[in-house]
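K.L.:
Below you will find the structure I want to go over with you.
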Amino acid sequence: KNEVEQSPQNLTAQEGEFITINCSYSVGISALHWLQQHPGGGIVSLFMLSSGKKKHGRLIATINIQEKHSSLHITASHPRDSAVYICAVSVPKYGNKLVFGAGTILRVKS
Amino acid sequence: KAGVTQTPRYLIKTRGQQVTLSCSPISGHRSVSWYQQTPGQGLQFLFEYFSETQRNKGNFPGRFSGRQFSNSRSEMNVSTLELGDSALYLCASSRGTGLVYEQYFGPGTRLTVT
């Protein structure tokens, strides 16, 4: 079983919809990262969090340390949000190296 | 501030050759991490350098090595290339070590081994 699991693997939404991507992990972590990767390969860090909730524009990330679960929400989705969203955790028992989820492929249709 | 830069952006090599990839971090960032991304394995951590010292290493064979210079620029070397080394190699820089700081990624080097 992978230490970081994301769901769903694929997601298609209509423009304007509220989107949720989930990340569950089975190890102790010091931080959780949400990353966005567009076709062509470039990766952008969206959030890094170790507790609570962060908001940036239409993006919201939450984490529940006790439940080992994080969610990334996109409000009022837009076709430009189409990308792969990747969850990664910093794991202290591995010297805080990053362990990645498989990613969620999001397509927003206009 | 200029972002993280990687050179070259694309590279084609033959099995058995070696390759060196370069990464220049954001000014002021002292940590550089390297990652491999393949369709089959996804993103995997290779190693992290901070202040010219390797701080952490992923589960890759010894053919994969790296170093960091005093100006924080980093290079990654892969010797005796195998077909399975074909991948997108990404580096990321951050202010501090331990991968608990926000990571700023470069555009990647796409390596094809034939």
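So the protein lines, in turn, are chains A and B.
First residue of the first sequence: 1458, per this note's numbering; consecutive thereafter.
First residue of the second sequence: 11, per this note's numbering; consecutive thereafter.
All residues carry an ideal CB built from backbone N, CA and C; glycine is no exception.
#1: Output, in chain order, the set of chain B residues within a Cβ distance shorter than 8 Å of G1499(A).
#2: What residue range is occupied by the uninterrupted beta strand (DSSP E) comprising F1504(A)?
#3: Nearest to L1555(A) by CA position, among K1511(A), L1489(A), S1502(A), is which residue?
#4: Taking C-beta pairs closer than 7 Å, name the residues in chain A that V110(B) reaches, listed in chain order.
#5: Per the DSSP calculation, A1488(A) is bridged to which residue(s)?
#6: Near L53(B), which residues of its chain fall below 6 Å by C-beta distance, leaving aside the five closest residues on each side in sequence?
#7: I want to see whether chain A comes within less than 8 Å of G68(B), judged by CB atoms only; does it?
#8: Quick check: the Cα distance between F70(B) and L56(B), rounded to an integer number of angstroms?
#9: The beta strand (DSSP E) with V14(B) in it runs from where to where?
#10: Cα separation between S1507(A) and V123(B)?
#11: Apart from the five residues just before and just after L1468(A), which ones in its own chain have a Cβ nearer than 8 Å to its Cβ?
#12: Look at C33(B) and G108(B) and say whether their C-beta atoms are less than 8 Å apart.
#13: Taking Cβ-Cβ distances shorter than 7 Å, what residues in chain B pair up with A1518(A)?
#14: Specify the secondary structure class of L91(B) as computed by DSSP and reduced to three states.
#15: Does the structure place the stretch 13–20 of chain B close enough to the stretch 93–107 of chain B that three or more beta carbon pairs sit under 8 Å?
#16: List the DSSP bridge partners of R77(B).
#17: Whole-angstrom Cβ separation of G1425(A) and V1484(A), contact assumed at under 8 Å?
#18: With H, G and I counted as helix, E and B as strand and the rest as coil, what does DSSP make of R1537(A)?
#19: Taking all protein chains shown into account, do 16 or more other C-beta atoms lie within 10 angstroms of the C-beta of F79(B), making it buried, or fewer, making it exposed?
#20: What is the rounded straight-line gap between the Cα of E62(B) and the Cα of R40(B)?
#21: Quick check on DSSP: helix, strand or coil for R40(B)?
P.N.:
So, from the data block:
#1: Within 8 Å Cβ-Cβ: F115, P117, G118.
#2: Per DSSP, the continuous beta strand (DSSP E) segment holding F1504(A) begins and ends at 1500–1506.
#3: Out of K1511(A), L1489(A), S1502(A), L1489(A) has the C-alpha closest to the C-alpha of L1555(A).
#4: S1487, A1488, S1547, N1553, listed in chain order.
#5: According to DSSP, which records beta bridges pairwise, A1488(A) is partnered with S1547(A).
#6: Closer than 6 Å at the Cβ level, and outside the excluded window around L53(B), lie Y45, Q47.
#7: Chain A contact via Cβ: present.
#8: Straight across, the Cα-Cα distance linking F70(B) with L56(B) is about 7 Å.
#9: First-last for V14(B): undefined, no H or E at that position.
#10: Approximately 39 Å between the Cα atoms of the pair.
#11: Cβ neighbours of L1468(A) beyond the five flanking positions: I1476, I1478, T1561, I1562, L1563, R1564.
#12: No, the Cβ-Cβ distance between C33(B) and G108(B) is not below 8 Å.
#13: Result: empty, since nearest Cβ-Cβ is about 13 Å, beyond 7 Å.
#14: In this structure, L91(B) counts as coil in the three-state DSSP scheme.
#15: As far as the Cβ criterion goes, the stretch 93–107 of chain B touches the stretch 13–20 of chain B, which means the pair count is three or higher.
#16: E85(B).
#17: No statement about residue 1425(A) is possible, as the shown extent of chain A runs from 1458 to 1567 and does not include it.
#18: For R1537(A), the three-state secondary structure derived from DSSP is helix.
#19: Label assigned to F79(B): exposed.
#20: Roughly 9 Å between the two C-alpha positions.
#21: In the three-state DSSP reduction, R40(B) falls in the coil class, being neither helix nor strand.
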